[in-house]
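Chemist: Once you know that position 88 of the sequence shown is 90 in this note's numbering, the rest is easy, because the numbers rise by one and skip nothing.
Every residue, glycine too, gets a C-beta built ideally from N, C-alpha and C.
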Amino acid sequence: MIKQVLAFGVLGGLLLLGNRVWGAKRISDKAAVKTSIPRVHRVDLKGLLLHTDVLIDNPTNTSITVTKPVITLMSGGKFLGSSVPVNQQLTVSAMAQSSLGTVEILIPWSALAGIAKNLITMIPALVSEFQRTKKLNLASLSIPMEYRYSTYVNDLFYESDPVTLV
Numbered sequence: 003m004i005k006q007v008l009a010f011g012v013l014g015g016l017l018l019l020g021n022r023v024w025g026a027k028r029i030s031d032k033a034a035v036k037t038s039i040p041r042v043h044r045v046d047l048k049g050l051l052l053h054t055d056v057l058i059d060n061p062t063n064t065s066i067t068v069t070k071p072v073i074t075l076m077s078g079g080k081f082l083g084s085s086v087p088v089n090q091q092l093t094v095s096a097m098a099q100s101s102l103g104t105v106e107i108l109i110p111w112s113a114l115a116g117i118a119k120n121l122i123t124m125i126p127a128l129v130s131e132f133q134r135t136k137k138l139n140l141a142s143l144s145i146p147m148e149y150r151y152s153t154y155v156n157d158l159f160y161e162s163d164p165v166t167l168v
């Protein structure tokens, strides 16, 4: 009798856990993280400091908990830079879009130099353009860029496919 009750309890616990994992996986697959086109915040000897705003869509009928995503910039699959991981949990309401704040990404000149031809000769012009206008378009670098993000949605890890920026 005790073995039957124990077996029933273990089976019930496994079913409950399986249902929770399946539901969390379904939600993590449907939630979509979007970034605005990164804007150059600062240009200095370290490189380009980019800012991008992060939004998350929750098209499900349950609220979700996410961590602030880590954004990774690449060019042709080569790593350029990434945001710093932050252990910050945010709740996104059901059927809503929420802002996860602004993310900073530093792209060192050394990372760009390996990709852009004649980048060394472009640096003075880019710095002076930024100082003059306080704006710099990423397209002016003539470097194809893509990003991907990784985050935890309801305690399940999710990594996106690369998304083209420029």
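For Thr135, which residues in the same chain have their Cβ closer than 6 Å to its Cβ, ignoring the five residues on either side in sequence?
Modeler: A distance below 6 Å between beta-carbons, with the five flanking residues on each side excluded, links Thr135 to no residue of its chain.
Chemist: How should Pro61 be labelled, buried or exposed, when 16 other C-beta atoms within 10 angstroms of its C-beta is the threshold for buried?
Modeler: exposed
Chemist: Are the Cβ atoms of Ser65 and Met147 separated by less than 7 Å?
Modeler: The criterion of a C-beta distance shorter than 7 Å is not satisfied by Ser65 and Met147.
Chemist: Taking the alpha carbon of Thr104 as the reference point, which residue from Phe159, Lys5 and Pro40 has its own alpha carbon closest?
Modeler: If we check each option's Cα against that of Thr104, Pro40 comes out closest.
Chemist: Could you have a look at Val155 and say whether DSSP puts it in helix, strand or coil?
Modeler: strand
Chemist: Are the region 150-165 and the region 45-53 touching by the rule of at least three beta carbon pairs closer than 8 Å?
Modeler: no
Chemist: Please classify Ser130 as buried or exposed, where buried requires at least 16 neighbouring CB atoms within 10 angstroms.
Modeler: exposed
Chemist: Return the Cβ separation of Pro110 and Gly79 in integer angstroms, given the expectation that the two are a contact with Cβ distance under 8 Å.
Modeler: Going by Cβ atoms, the distance from Pro110 to Gly79 rounds to 18 Å, so no, they are not a contact pair.
Chemist: Using 7 Å as the threshold, is the C-beta distance between Leu102 and Ile73 below it?
Modeler: no
Chemist: Taking a contact to mean a Cβ-Cβ separation below 7 Å, would you say Thr153 touches Pro87 in this structure?
Modeler: no
Chemist: Roughly how far, in whole angstroms, is the beta-carbon of Asn156 from the beta-carbon of Thr69, given that I think they are within contact range, below 8 Å?
Modeler: Not confirmed; about 10 Å, so no contact.
Chemist: Buried or exposed: Ser95, going by 16 or more other Cβ atoms within 10 Å of its Cβ?
Modeler: By the 10 Å Cβ count, Ser95 comes out exposed.
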